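What follows is a single structure, written as structure tokens, with notes after it.
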Amino acid sequence: MVEPKNMSCYAYYKACTDEYGEYYCQQHFNKWFSNTEIIADMDALAAYMRIELGLQPGDVYSVFMPTTVQSIVAFYALNKVGVIVNFIHPLLPPDVVKETITSLHSKGVMILDVLSKKYTDMLNDLGLPVLVCHSSDYANIFAEVGIGLGEKILKKAFPEINNREEYRAAVKRFMKANVKDHCDCDKTAVYLNGGGTTGKSKTIKLTSRAINEIVYRMSKLDRIHRPGEEAEVIVLPLFHCFGLSVAMHMAMCNGARLIPMMQFDAKLFNKLMRKNCVVGILGIPVMFQKLMKEKHFDNKCLKNLRMSFCGGDDAPQPLLDEFNSYLEKYGAVGRLRQGYGLTEVGSVCCTCTNWDYKPNSIGRPIEGVIMDVWDDDCNPVPVGEIGELVIAGPTIMQGYYTEDGHDGEGLYTDKNGVQWVRSGDLGYRDEDGYYFFSGRKKRVIIISGYNVYPSDIEKKLSEFPFVKESCCVKGFSKEGKPIIRLFVSYNDKEGDREIYKRRMLECIEQNFSKFSVPKDVVELDKLPETPLMKVDFMKLTQNSPDEPIYTPPVGEKKSLLPV
Numbered sequence: 242m243v244e245p246k247n248m249s250c251y252a253y254y255k256a257c258t259d260e261y262g263e264y265y266c267q268q269h270f271n272k273w274f275s276n277t278e279i280i281a282d283m284d285a286l287a288a289y290m291r292i293e294l295g296l297q298p299g300d301v302y303s304v305f306m307p308t309t310v311q312s313i314v315a316f317y318a319l320n321k322v323g324v325i326v327n328f329i330h331p332l333l334p335p336d337v338v339k340e341t342i343t344s345l346h347s348k349g350v351m352i353l354d355v356l357s358k359k360y361t362d363m364l365n366d367l368g369l370p371v372l373v374c375h376s377s378d379y380a381n382i383f384a385e386v387g388i389g390l391g392e393k394i395l396k397k398a399f400p401e402i403n404n405r406e407e408y409r410a411a412v413k414r415f416m417k418a419n420v421k422d423h424c425d426c427d428k429t430a431v432y433l434n435g436g437g438t439t440g441k442s443k444t445i446k447l448t449s450r451a452i453n454e455i456v457y458r459m460s461k462l463d464r465i466h467r468p469g470e471e472a473e474v475i476v477l478p479l480f481h482c483f484g485l486s487v488a489m490h491m492a493m494c495n496g497a498r499l500i501p502m503m504q505f506d507a508k509l510f511n512k513l514m515r516k517n518c519v520v521g522i523l524g525i526p527v528m529f530q531k532l533m534k535e536k537h538f539d540n541k542c543l544k545n546l547r548m549s550f551c552g553g554d555d556a557p558q559p560l561l562d563e564f565n566s567y568l569e570k571y572g573a574v575g576r577l578r579q580g581y582g583l584t585e586v587g588s589v590c591c592t593c594t595n596w597d598y599k600p601n602s603i604g605r606p607i608e609g610v611i612m613d614v615w616d617d618d619c620n621p622v623p624v625g626e627i628g629e630l631v632i633a634g635p636t637i638m639q640g641y642y643t644e645d646g647h648d649g650e651g652l653y654t655d656k657n658g659v660q661w662v663r664s665g666d667l668g669y670r671d672e673d674g675y676y677f678f679s680g681r682k683k684r685v686i687i688i689s690g691y692n693v694y695p696s697d698i699e700k701k702l703s704e705f706p707f708v709k710e711s712c713c714v715k716g717f718s719k720e721g722k723p724i725i726r727l728f729v730s731y732n733d734k735e736g737d738r739e740i741y742k743r744r745m746l747e748c749i750e751q752n753f754s755k756f757s758v759p760k761d762v763v764e765l766d767k768l769p770e771t772p773l774m775k776v777d778f779m780k781l782t783q784n785s786p787d788e789p790i791y792t793p794p795v796g797e798k799k800s801l802l803p804v
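For the numbering used here, count along the sequence shown from 1 and bump the result up by 241.
Below, the structure written as structure tokens:
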């Protein structure tokens, strides 16, 4: 793979794949698309954005989409003309989406038609141009008829978006137009809305250079041998940095045939593996668990897997061992390995590989990335001692978004002028240079690979006059599945608890992602406190399915309210 040098992501993709000639790079349902066709769509959409909408380098455009061919095309098209792509989770509540769009001064929105109903009023209120995508945009002629009929019915049933343009019409209208690559690789390329390293949700700025550097360095672990024939199913969303940088951009630059999946479905995923030469899987632990439970998983198609990585949460070693036993059974070259990273460092910064790994480890830093373990005063700790994981190198963020636009927010600069990301995660390094993840210093809970920020929820609940104290923690359902559990104490003893519970849950549903909604609500007379008189969330946290739910001291009341 060529070195990134001073390229946009769009230019880098073209440079990396130029040697392959024409090959299939995308698949939607059973229809395959060549790189020539997809690049033509990228160029046409870039012309639409630049000429029709008048977007300039440094402007912001929001992609409010699941992972689809259109969202992939949009990333490269916007990147080509230097427009910052603001990726937004497609299931966030309308008020949160509106705030994200307005606070980042977005000048347009892309949305999928089937998801648009609950957001129509919000979009019309904003008055921005909206590009509406359809599943039929890239369907084959037979599927297009059936899907198109369903879309016409939906259009009649859904309220009308006023300032709308159809994706396929826009691409078709500008198919013969072309605009130059205006992207400066050191300017902001994407906004990713994450949690920051303190647990408070923030917007992270990444450049094309940082994203390309991740691809270049990760590609040295393995690459596509037969462009267009070897495939990768993309499940991770593009608003997730691991999904954008590695699952999508690296696969594109490697010459893989990408099969986007809007929502993970283990049965469909296994079917795609049996029908296509899928050589890599990038996912979160729960995804691999669900894959193995499918009855057709144990299949000879597993022999094709060479590049399988698990991230987004700490992967138990038994999970890795079980998955790898299937790969070994069918003679696969690769193994499922665990890595570590965060959005602030462009996704992956440390990983085990097929040939370089240690059980329970998150691996060693990828080429060009520097990692260390520090104490609270930013001093390195001895080998084997737990401290905060810190990262430096060419893949790190510009900083968190600030209204005045300055860079460096959230970065620590040492006495030598080197900028570091303090992860907020705890870990240690052994004598062989392998890193181990010990836990999260920041208060972030990961549910199905998505970050949940307890302090944001608790702050919102404090607005209710009947709430005295609240604390969201990680727990486990009876089936052993990770959940959010809400502990709460009230200001009165006589109020209707069912009404209180319903109002709190409705508030969370309206203001946060679905993964933030508690599955258990536990009422306590008083929440436990630390010596500093703060709520002791560690006491309330259930660290494993076998650990009992917190029990208050004798004499205090506990009431579990079913959700």
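Beta carbons: idealized from backbone N, C-alpha and C, even for Gly. Quick caveat: nothing in here was measured; it's all calculated off a predicted structure.
| Check | Outcome |
| --- | --- |
| Please return the same chain residues whose Cβ sits closer than 7 Å to the Cβ of G437, not counting the five positions on each side in sequence. | Below a pLDDT of 50, predicted positions are generally treated as unreliable, and G437, at 48, falls in that range; the measurement from the model is reported next regardless. Counting only Cβ-Cβ distances below 7 Å, and skipping sequence neighbours, we find K443, Y641, G651. |
| Which same chain residues end up closer than 6 Å to P695 when comparing Cβ atoms and leaving out the 5 residues on each side of it in sequence? | R684, C713 |
| From the DSSP secondary-structure annotation, give me the bridge partner or partners of I611. | A633 |
| When the distance is taken between beta carbons, is W661 closer than 8 Å to V631? | yes |
| Any idea what DSSP makes of G524, helix, strand or coil? | strand |
| Report yes if the C-beta distance between T584 and L727 is below 8 Å; otherwise report no. | no |
| Can you tell me whether DSSP reads G437 as helix, strand or coil? | At G437 the pLDDT is 48, less than 50, meaning the model places this residue with poor confidence and gives no usable figure here. |
| Which of the three DSSP states, helix, strand or coil, is assigned to V693? | strand |
| Classify H346: buried if its beta carbon has 16 or more other beta carbons within 10 angstroms, exposed otherwise. | exposed |
| Helix, strand or coil: which one does DSSP assign to A252? | helix |
| What residues match up with P501 in a beta bridge as DSSP calls it? | I475 |
| Have a look at the DSSP bridge pairing and note the partners of I280. | DSSP, once it has assigned bridges, lists no residue as partnering I280. |
| Quick check: P786 and G690, are their CB atoms within less than 8 Å of each other? | no |
| Quick one: what's L727 bridged to in DSSP? | C713, V762 |
| Going straight from the alpha carbon of N403 to that of T361, what length do you get? | 9 Å |
| Hey, which unbroken runs of the beta strand (DSSP E) at 3 residues or more fall wholly within the segment 259 to 321? | 265 to 269, 272 to 275, 301 to 305 |
| Inspect the CB distances between the segment 559 to 573 and the segment 532 to 546 and report whether three or more fall short of 8 Å. | yes |
| How close, in whole Å, do the beta carbons of F274 and Y379 come, if the pair is a contact with beta carbons under 8 Å? | 7 Å |
| Cβ of M493 within 8 Å of Cβ of Y254? | yes |
| Would you call T258 buried or exposed, if buried means 16 or more other Cβ atoms sit within 10 Å of its Cβ? | buried |
| Let's see if you can read the secondary structure: which residues bound the alpha helix (DSSP H) around R409? | 408 to 414 |
| CA-CA distance, I455 and E563? | 29 Å |
| Could you spell out where the alpha helix (DSSP H) holding Q558 opens and where it closes? | 558 to 570 |
| Return the chain-ordered list of same chain residues with a C-beta closer than 6 Å to the C-beta of Y653, the five sequence neighbours on each side being excluded. | W661, R663 |
| Where does N327 sit, in a helix, a strand or coil, going by DSSP? | strand |
| Count the other CB atoms, across all protein chains shown, that sit within 10 Å of the CB of N247; report buried if there are 16 or more and exposed otherwise. | exposed |
| Between which two residues does the beta strand (DSSP E) holding I686 run? | 686 to 688 |
| Let me confirm a value: G469 is counted as buried when at least 16 other C-beta atoms fall within 10 Å, else exposed. Which label applies? | buried |
| Among K767, N732, Q267, Y741, which one has its Cα closest to the Cα of V474? | Q267 |
| In its own chain, which residues sit with a C-beta less than 6 Å from the C-beta of K700, not counting the 5 before and 5 after it? | none |
| Please work out which residues of its chain come closer than 6 Å, Cβ to Cβ, to L353, disregarding the five sequence neighbours upstream and downstream, and give them in chain order. | M306, C374 |
| Please state the DSSP three-state secondary structure of F756. | helix |
| If you follow the alpha helix (DSSP H) that K516 is in, where does it begin and where does it stop? | 507 to 516 |
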